[in-house]
Amino acid sequence: PMARELLLASTRVSPSRLLEAGFDYRHPVLQDAFSAFL
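Residue numbers for the sequence shown, in this note's numbering: 179 to 216.
The following block contains the structure:
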């Protein structure tokens with residue numbers, strides 16, 4: 179379905195504006211975020 183396509187279409191996202199603003203990611207690597215979630 180569409181949600182799966184959107185999720186898997188691109189994992190190379192650069193959150194430059196958030197990083198420039200000082201945002202600190204709890205899980206900067208997507209695989210780590212999934213592992214923590216599951």
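Backbone N, C-alpha and C define an ideal beta-carbon position, used for all residues, glycine too.
- Under the three-state reduction of DSSP, aspartate 210 is assigned to helix.
- For serine 194, the enclosing alpha helix (DSSP H) has its first and last residue at 194-198.
- One alpha carbon belongs to aspartate 210, the other to glutamate 198, and they sit about 22 angstroms apart.
- Distance from the CA atom of histidine 205 to the CA atom of methionine 180, rounded to whole angstroms, is 25 angstroms.
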